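Before any comments, here is the structure.
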Amino acid sequence: MPNLRPPVMPEEHIQGPEDAPVTLVEYGDYECPHCGLAYSIIKRVQKRFGKSLRFVFRNFPLSELHPQAESAAETTEFAGVRGKFWEMHDLLFENQERLSGGPLFEACRAAESAC
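Using the numbering used here, read the sequence shown as starting at -12 and increasing by one per residue.
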C-alpha cells in the first residue's frame, strides 16, 4: 500500500492513536458546505471505530470561494497554539452559518476557553 504524501507529522492536528490501523486525513475549509456535512459524518466514524482510527485535519481554506475560510483557519491555528485546536475546530463547524459577516470573534467570545 502506498504511503501518504505528505506523511502525517507529529505537530499536525491529530486525534487517535499513532498506531491506529487506519488514518483518515481531511483537507478542510470551515466555510465549505461539503466540509460541514463531512464534519458530522467524521464524528460518527470516529465514534464507531474508536482507537482503530487516527484522524488528521489539515486546514485547506479555499479563499477564492469562501471569503471567511482563511480567517477561520487562522483562528483554529491561534487556538491550537494554546492547546485548543479541536475545541475551536468543532465550534466553527458547529456554527458554520455564522462565519460570514465577522462573527468569528463572537463565536470566539462564546468559547473564551478556546481562544
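We put the CB at the ideal spot given by N, CA and C, even for glycine. Model, not experiment: these values are computed from the prediction.
Rounded to the nearest angstrom, what separates Pro4 and Gln33 at their Cα positions?
Your numbering for residue 4 matches position 17 in the sequence shown. Your numbering for residue 33 matches position 46 in the sequence shown. Inter-residue distance for Pro4 and Gln33 is about 12 Å (C-alpha atoms, whole angstroms).
Which value, in whole angstroms, describes the spacing of the CA atoms of Gly53 and Arg35?
Taking the sequence shown and counting its residues from 1, the one referred to as residue 53 is at position 66. Taking the sequence shown and counting its residues from 1, the one referred to as residue 35 is at position 48. This sequence places His at residue 53; Gly is not what is there. For His53 and Arg35, the gap between their C-alpha atoms comes out near 31 Å.
Mind checking Phe47: buried by the 16 CB within 10 Å criterion, or exposed?
Counted from its first residue, the sequence shown places residue 47 at position 60. The residue in question, Phe47, is exposed, as its Cβ has fewer than 16 Cβ neighbours within 10 Å.
DSSP three-state label for His148, please.
Lying outside -12 to 102, the shown extent of the chain, residue 148 is not represented and no answer is given.
Would you call Asp16 buried or exposed, if buried means 16 or more other Cβ atoms sit within 10 Å of its Cβ?
Sequence index remark: in the sequence shown, residue 16 carries index 29 (1-based). Looking at its Cβ environment, which holds 16 or more other Cβ atoms inside 10 Å, Asp16 is buried.
Taking C-beta to C-beta, are Glu18 and Ala56 nearer than 8 Å?
Translated into the one-based positions of the sequence shown, residue 18 becomes position 31. Translated into the one-based positions of the sequence shown, residue 56 becomes position 69. For Glu18 and Ala56, yes; Cβs fall inside 8 Å.
When burial is assigned at 16 or more other CB atoms within 10 Å of the CB, is Arg45 buried or exposed?
Against the sequence shown, residue 45 aligns to sequence position 58. It counts as exposed.
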